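J.: Residue numbers (the working numbering): 108 to 487. Quick one: the structure is below, and I'll ask about it shortly.
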Amino acid sequence: MKLPITVPTNTVARNALVTLAVVAVGAALYWLRDILTPLAMAIFLMIMIDGVKRFIEDRTSLPDHWAGIAALLLVTVAFVGAIAFIVNGAAGFFSDASGVSSGIGPRIDAIIADGAKLFGVTTPPTAQELIGSIDLRGYLIGLAGQAQGVASGSFFVLVYLGFLLASQVGFRRKIIAMFPEREQRNEALEVFQRVRGGVEGYLWVQTVTGAIICAAAWILMRVVGLEHAEFWTFVIFVVGFIPVLGGAVAGLAPPLFALVQFPTYWPALILLVGLQVILFVVGNMIQPRMQGENQNIDPVAVLLALALWGKMWGVVGMFLSTPLAVMAMAILAEFRGSMWIAVLLSGDGKPYADDEARSHHAPAKRPARVKPPRPGTGEP
């Protein structure tokens, strides 16, 4: 009989400690979600502001200070405008004046009756009988009310953003205090640059591909004559940042509401086929060419991150799931004990973009002891 594999006691104790720490951190993230979600969104916006600032500096002659102000104004106005559009659009779309919430029930009954005729059923059930006591119209109105609740959360996001921007002044001093050794400080800055580059690359790819999808989808919806085409275009752009689930919503939601608006099935069928073709072309031909090494994440890891962060933080967690996975992979790859997790999270088994970076950060000899800084200076 083959003997079992012997695992050193210290390895077992370390793995058990890591498991308990992960469970404790997950419980804390869930318990403090009301506080942490606005902070996470503020950090996300701050990374966007930094990327827009460098974009303006590279393509204009504005100095550093004015480029930062312009980037701050652009991102803040875009964020506030998006929240206002979602709140007003959702409230008006699902209201009684739009006719969607009041007409969805009878239209579903008509669709069920048409489907029953194909199978020879003379007395088909109604939508109310199928779903029991669920008030679908009330659920849609409640969903619009939840969308309006986003406005209150956005206020705290802007407050956190203001304090984060103000704290950037002393960030360099904090880095020097935490890493007095120049080599270790440079390595910490490299990790930060890698995390920032991964998140910015993901945002750039999703923004450009989302704009392409929205432009084609808006033309298709206007040709078909779907009402609230601008609202659905914006919804498609926003949900595009949510992996897996965003594509399903973008491809199915407009055709479903086309069934309510039009008396025939042809407009909904045209929208369904057209949106699926648009999503397929962009997702399989354009997006992979743009991603390159910016999003070297395993699809299973993306799906698990979506489920995990969605469970803990709701819609905000779904929106931030992929950037958080990118950040986790970049940080875990820097430590010998967690390198294997970064390898599993990566798409090709190589958490770093090039062999030189991997060899530079590969686990090697123990780092030298940190020396205290010279008196009166911040440098070693």
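C-beta atoms are modelled at their ideal positions from N, C-alpha and C, and glycine is treated no differently. Here the structure is a predicted model, which is why all the values come from computation and not from measurement.
My understanding is that residue 306 touches residue 433, with C-beta atoms under 8 angstroms, so please give their C-beta distance in whole angstroms.
T.: With 8 angstroms as the limit, residue 306 and residue 433 qualify as a contact, their Cβ atoms being about 6 angstroms apart.
J.: Please report how far the alpha carbon of residue 190 lies from the alpha carbon of residue 361, in whole angstroms.
T.: The straight-line gap from Cα to Cα measures roughly 21 angstroms.
J.: Going by beta carbon distance, what residues of the same chain come within less than 7 angstroms of residue 192, once the five residues before and after it are set aside?
T.: Excluding residues within five positions, the ones whose Cβ falls inside 7 angstroms are 341.
J.: For residue 323, tell me which candidate among 309, 339, 308, 310 has the shortest Cα-Cα distance.
T.: Closest by alpha carbon: 339.
J.: Using DSSP with H/G/I as helix, E/B as strand and the rest coil, what is residue 215?
T.: In the structure shown, residue 215 sits in a helix (DSSP, three-state: H, G or I).
J.: Could you give the DSSP three-state label for residue 349: helix, strand or coil?
T.: DSSP places residue 349 in coil when its eight states are reduced to three.
J.: Given 8 angstroms as the limit, is there contact between the stretch 317 to 335 and the stretch 368 to 382, that is, 3 or more CB pairs closer than that?
T.: Contact between the stretch 317 to 335 and the stretch 368 to 382 is present, because at least three Cβ pairs lie under 8 angstroms.
J.: Once the 5 residues before and after residue 279 are set aside, which same chain residues still bring their CB inside 6 angstroms of it?
T.: No residues qualify anywhere along the chain.
J.: State the Cα-Cα distance for the pair residue 126 and residue 120, rounded to the nearest angstrom.
T.: Cα to Cα, the separation comes out at about 10 angstroms.
J.: Please list, in chain order, all residues of the same chain as residue 180 whose beta carbon is under 7 angstroms from its beta carbon, the five residues on each side excluded.
T.: Result list for residue 180: empty, nothing under 7 angstroms.
J.: For residue 429 and residue 409, which I take to be in contact (beta-carbon distance under 8 angstroms), what is that distance rounded to the nearest angstrom?
T.: Right, their Cβ atoms sit about 6 angstroms apart.
J.: According to DSSP, residue 404 sits in a beta bridge with which residue or residues?
T.: According to DSSP, residue 404 bridges with 453.
J.: If we ignore side chains and look at the alpha-carbon of each, how far apart do residue 122 and residue 174 end up?
T.: Each residue's alpha carbon lies about 47 angstroms from the other.
J.: Go through its chain and collect everything with a Cβ distance to residue 417's Cβ below 6 angstroms, but skip five positions before and after it.
T.: Excluding positions up to five away in sequence, the list reads 424, 425.
J.: Output yes or no for whether 8 angstroms exceeds the beta carbon distance between residue 352 and residue 413.
T.: Cβ distance < 8 angstroms, so residue 352 and residue 413 count as in contact.
J.: Quick one: using the 10 Å Cβ neighbour count with 16 as the cut-off for buried, is residue 124 buried or exposed?
T.: The residue is exposed, with fewer than 16 neighbouring Cβ atoms inside 10 Å.
J.: So what's residue 183 in DSSP terms, helix, strand or just coil?
T.: In this structure, residue 183 counts as helix in the three-state DSSP scheme.
J.: On the DSSP letters alone, give me the boundaries of the alpha helix (DSSP H) that residue 309 sits inside.
T.: Looking at the DSSP string, the run of the alpha helix (DSSP H) that includes residue 309 is 289 to 331.
J.: Would residue 150 pass as a contact of residue 265 if the rule is Cβ separation under 8 angstroms?
T.: Going by C-beta atoms, residue 150 is not nearer than 8 angstroms to residue 265.
J.: Taking just the CA atoms, how far does residue 217 sit from residue 137?
T.: When rounded, the distance between both Cα atoms is 43 angstroms.
J.: Taking the Cβ atom as the reference point for each residue, do residue 185 and residue 156 lie within a distance shorter than 8 angstroms?
T.: No.
J.: Could you tell me the alpha carbon to alpha carbon distance between residue 345 and residue 337, rounded to whole angstroms?
T.: Each residue's alpha carbon lies about 13 angstroms from the other.
J.: Span of the alpha helix (DSSP H) holding residue 229?
T.: Element bounds for residue 229: n/a, residue is neither H nor E.
J.: Rounded C-beta distance between residue 374 and residue 331? I'm assuming under 8 angstroms.
T.: With a Cβ gap of about 5 angstroms, residue 374 and residue 331 count as contacting.
J.: Expressed to the nearest angstrom, what Euclidean distance is found between the alpha-carbon atoms of residue 223 and residue 454?
T.: Cα to Cα, residue 223 sits roughly 46 angstroms from residue 454.
J.: Out of 447, 220, 368, state which residue places its alpha-carbon closest to the alpha-carbon of residue 334.
T.: Out of 447, 220, 368, 368 has the C-alpha closest to the C-alpha of residue 334.
J.: Count the other CB atoms, across all protein chains shown, that sit within 10 Å of the CB of residue 447; report buried if there are 16 or more and exposed otherwise.
T.: Flag for residue 447 reads exposed.
J.: Between 420, 387, 294, 227, which has its C-alpha nearest residue 442's C-alpha?
T.: If we check each option's Cα against that of residue 442, 294 comes out closest.
J.: Secondary structure at residue 124, three-state DSSP: helix, strand or coil?
T.: Helix at residue 124.
J.: Round the Cβ separation of residue 276 and residue 319 to the nearest angstrom and send it over; I've been treating them as touching at under 8 angstroms.
T.: Their Cβ separation, rounded to whole angstroms, is 39 angstroms, which puts residue 276 and residue 319 out of contact at 8 angstroms.
J.: Could you check whether residue 268 and residue 152 sit closer than 8 angstroms to each other, using their CB atoms as the reference points?
T.: Yes. Within cutoff.
J.: In or out: residue 117 buried (at least 16 other Cβ within 10 Å) or exposed?
T.: Per the 10 Å Cβ criterion, exposed.
J.: Whose C-beta lies closer than 7 angstroms to the C-beta of residue 159 among residues of the same chain, with five residues either side of it excluded?
T.: Closer than 7 angstroms at the Cβ level, and outside the excluded window around residue 159, lie 178, 181, 182.
J.: Count the other CB atoms within 10 Å of the CB of residue 273; is the residue buried (16 or more) or exposed (fewer)?
T.: Classification of residue 273: exposed, given that the 10 Å Cβ count is below 16.
J.: Looking at residue 452 and residue 435, is the spacing between their C-beta atoms short of 8 angstroms?
T.: Contact: yes.
J.: Taking C-beta to C-beta, are residue 263 and residue 145 nearer than 8 angstroms?
T.: Yes.
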